[in-house]
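Data first, discussion second: the structure below is written as structure tokens.
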Amino acid sequence: MRIFMIDILLQGMDNETRMRLLPAEQAIIKEWEEQGTLLASYIKQDVAGIYLLLKAEDARDADAKLATLPYYPYMKIAIVALR
């Protein structure tokens with residue numbers, strides 16, 4: 043497994059949708075933390091988004107994991123492999 047820095051910016055999601063999807067989003071994030079897949083998360087201060095440190099086989103696997111999140115359709119994502 044490799045570690046990836048995931049830079050996520052949320053775009054085009056209204057507050058009602060965000061609140062409706064939030065419990066499912068948080069449940070998946072909690073599961074990843076418990077499994078050791080998610081090493082850290084940092085909520086951005088100025089914009090709607092988050093940084094994640096995620097374990098995955100490769101960038102494609104990281105994106106596949108992210109695709110399971112309810113917020114995924116609203117995400118602009120940059121995936122960077124770390125050493």
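Position one of the sequence shown corresponds to residue 43 (this note's numbering), numbered consecutively onward.
Just so you know, even glycine gets a beta-carbon here, dropped at the ideal spot from N, CA and C.
Taking C-beta to C-beta, are residue i and residue j nearer than 7 Å?
i: LEU95; j: ALA82; result: yes
i: GLY91; j: LEU51; result: yes
i: ASP49; j: TYR114; result: no
My assumption, with CB atoms under 8 Å, is that residue i sits in contact with residue j. Please give the rounded CB distance.
i: ARG44; j: ALA98; result: 7 Å
i: TYR116; j: MET55; result: 4 Å
i: LEU111; j: ILE85; result: About 15 Å; that fails the 8 Å criterion.
For residue i, which residues does DSSP report across the bridge?
i: ILE119; result: ILE50
i: ARG102; result: Looking at the DSSP assignment, ARG102 forms no beta bridge with any residue, so it has no partner.
Confirm the yes/no value for this check: CB of residue i, any heavy atom of the ligand FAD, distance under 6 Å.
i: GLN68; result: By its list of ligands, the structure shown contains no ligand whatsoever, and the ligand FAD lies outside what it can speak to.
Should residue i be labelled buried (16 or more other beta-carbon atoms within 10 Å of its own) or exposed?
i: LEU64; result: exposed
Could you give the residue range of the alpha helix (DSSP H) that holds residue i?
i: LEU111; result: Careful: LEU111 lies outside any alpha helix (DSSP H) and carries neither H nor E.
Just to confirm the assignment, what range does the beta strand (DSSP E) spanning residue i have?
i: ALA82; result: 80–85
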